Amino acid sequence: MSGDVGTPAGGWGRAEILQRLQALRAHDLPAHGGRTLAYVYDSGLAQADAIGLEALQLFAASNGLDPTAFPSLLRMENDLVAWAGRLLDAPDGFVGSATSGGTESLLLAVLAARDARPDIARPSMVLPTTAHAAFHKAAHYFGVRPVLVDVDPVTYRADPAAMAAAIDDTTVLVVASAPSYAHGVIDPVPQIAAAAAERGVRCHVDACIGGWVLPYLDHVEPWTFAVPGVTSMSVDLHKYAYTPKGVSLLLHRDAALRRTQLFASASWPGYTMLNSTVQSTKSGGPLAAAWAVVHHIGDEGYRRLVGAARRATLELADAVAQIPALSVVVPPDATLLTLVTDGSCDVFTLADEMLTRGWFVQPQMTFRDMPATLHLTLSAATAPSVPEFVDALRASVAAAQDAGPVRVPAQLADAVATLDPASLDESAFAGLLRMAGLADEDGDLALPDRMAAVNAVLDAAPAPVREALLLGVLDRLSRPS
Ligand SMILES: *Cc1c(COP(=O)(O)O)cnc(C)c1O
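Each residue of the sequence shown is one higher than the last, beginning at 88 in the numbering used here.
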């Protein structure tokens, strides 16, 4: 590191910047401490975090744009891919790439599948309804029609017979999850992959959240490349490998399957662009951090961390069974737990009540025949506080029962249920945001502290209306300050 540390840059000094950054963070959910049960993953290992941050800093300015210019990054990428290949039972000849996250891994799996079939004019993919929304993003970006197949109403697992029946001459990809994000269960990968293989179609297993967990658990049903017909898999390092944000891996059974993921352009006067992923300039920081943390924690460490998170998940599931108003939607296959209420209270009020007690749990809205639920992602760092979590949950249930389930005024429920979002002009839209409790009298965005009333309105809205309302919120949030 060089540079004139003594020369003032002209802006705020270091102390002031740090103080302002801390102030900016005041309203963020805590990323450490195990009390945020979505978005963040905490190993509870301070040393692992410190090593990851050091690596992040060392490689923050390096650029994965050109693997020959920064061979260190290629080495670390290939090393992590090899590690993942071992966890995912990848056969000889497998290949993989590091991406920025699960969404990018899934986008590229869909892109590679689509472009491998240029003979199909209007490509489609077969998804269980529980497949991650990133597949819908891929559908939207790449013009691949999603064919949604209902999951089993009791087990919440994909229905392999229905999925097989949904494969047709336009299918370029069939998807299974290991496990699904929303309900935490593993789809029947062997049957799904066999059905895909029989039709000569690719099969992606989305192990973004489970790929670094399931290998360290005993007695898991088959879900990896060991299953014939599985052609690609994704696993996020920034989830249960407990690495800083910004790294996922996408693996293909062989190099030929990856060929259509790669991109080159010599059609301009600059350097020939040559990319294996969506990003071109790509910080080496997250990759180096992942490499450092994975090697620091190691197989033994991951086995311990997974054991702790899994035991916490089962302990919490048992405790929930003792709370009459709550139940677990489906027995968890990994470290994700999904809760539903008996109607004496609602999940949105419960989430608000938990937040006032210092716990973030994630509400999930009604979808088709699936009820609104609470999603809990359990990290190793949450394990020691399960009893505390259960106390907060009991108190939250009592408070939510006292308040009673949120009631959406009938007029508002009717309005959102029948709305055609395409027909709304800007002022009608502002009125709707106001009615939904998301904007003030002037139509300016105003998010309440307690979200239950808003969430209940959104829950009453069909998916396209919910999407339109939230896009309006995002649009208004993302304005220069
Ligand atoms: C988190 C997740 C994704 C998306 O990953 P991001 O890193 O948030 O882009 C995809 N699939 C599953 C099953 C996930 O849990």
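Backbone N, C-alpha and C fix where the C-beta goes; we use that ideal spot for every residue, glycine too. Please read all numbers here as calculations on a predicted model, not as lab measurements.
Buried or exposed, going by whether 16 or more other CB atoms sit within 10 Å of the CB of residue i?
i, result
"His306", "exposed"
"Thr425", "buried"
"Asp323", "buried"
"Ile104", "exposed"
"His383", "buried"
"Leu561", "exposed"
"Leu116", "exposed"
"Thr505", "exposed"
"Thr123", "buried"
"Trp355", "exposed"
"Tyr128", "buried"
"Gln348", "buried"
"Val241", "exposed"
"Thr443", "exposed"
"Ser211", "buried"
"Thr389", "It is worth fixing the name first, because residue 389 is Tyr in this sequence and not Thr. It is buried - the Cβ of Tyr389 has at least 16 other Cβ atoms within 10 Å."
"Pro418", "exposed"
Would the C-beta of residue i count as close to ligand 1, meaning under 6 Å from any of its heavy atoms?
i, result
"Ile273", "no"
"Asp420", "no"
"Gly139", "no"
"Ile296", "yes"
"His219", "yes"
"Asp129", "no"
"Thr190", "yes"
"Tyr268", "yes"
"Asp293", "yes"
"Asp433", "no"
"Asp323", "yes"
By how many angstroms is the C-alpha of residue j removed from the C-alpha of residue i?
i, j, result
"Ala580", "Ala502", "Within the shown structure, residues of the chain are numbered from 88 to 568, placing residue 580 beyond reach of any answer."
"Thr460", "Ser510", "31 Å"
"Arg340", "Val381", "23 Å"
"Gly394", "Ala470", "10 Å"
"Ala399", "Ala208", "48 Å"
"Thr257", "Val236", "16 Å"
"Glu164", "Arg232", "32 Å"
"Ser89", "Ser370", "Here Ser89 scores only 48 on pLDDT, less than 50, and its place in the model is too uncertain to base an answer on."
"Arg481", "Ile410", "7 Å"
"Trp99", "Ala147", "22 Å"
"Phe516", "His325", "37 Å"
"Leu571", "Ala526", "Here the chain covers residues 88 to 568 and nothing more, so residue 571 does not appear."
"Gly445", "Met538", "15 Å"
"Ala280", "Leu198", "19 Å"
"Ala283", "Ala253", "10 Å"
"Pro549", "Gly559", "16 Å"
"Gly372", "Trp299", "21 Å"
"Tyr329", "Leu534", "31 Å"
"Val262", "Asp293", "7 Å"
"Tyr268", "Asp531", "33 Å"
Strictly by DSSP, which residues pair up with residue i?
i, result
"Ala526", "Leu532"
"Phe350", "Asn362"
"Val165", "The identity of residue 165 in the sequence shown is Asn, whereas the question assumes Val. None; Asn165 has no bridge partner."
"Asp323", "Ser335"
"Asp293", "Ser264 and Ser321"
"Thr428", "Leu413"
"Asn542", "Answer is none; Asn542 lacks a bridge partner."
"Thr460", "Gln451"
"Leu423", "Thr464"
"Thr258", "Ser211"
What is the DSSP secondary structure of residue i, counted as helix, strand or coil?
i, result
"Pro233", "strand"
"Gly183", "strand"
"Leu124", "coil"
"Arg455", "coil"
"Val617", "A query on residue 617 cannot be resolved here, the shown segment of the chain reaching from 88 to 568 and no further."
"Val552", "helix"
"Pro215", "strand"
"Phe447", "strand"
"Ser159", "helix"
"Ser565", "coil"
"Leu465", "coil"
"Leu132", "coil"
"Ser367", "coil"
"Ala245", "strand"
"Val307", "coil"
"Val238", "strand"
"Leu143", "helix"
Hey, would you say the C-beta of residue i is under 6 Å away from at least one heavy atom of ligand 2?
i, result
"Tyr303", "The model depicted lacks ligand 2 and carries ligand 1 instead."
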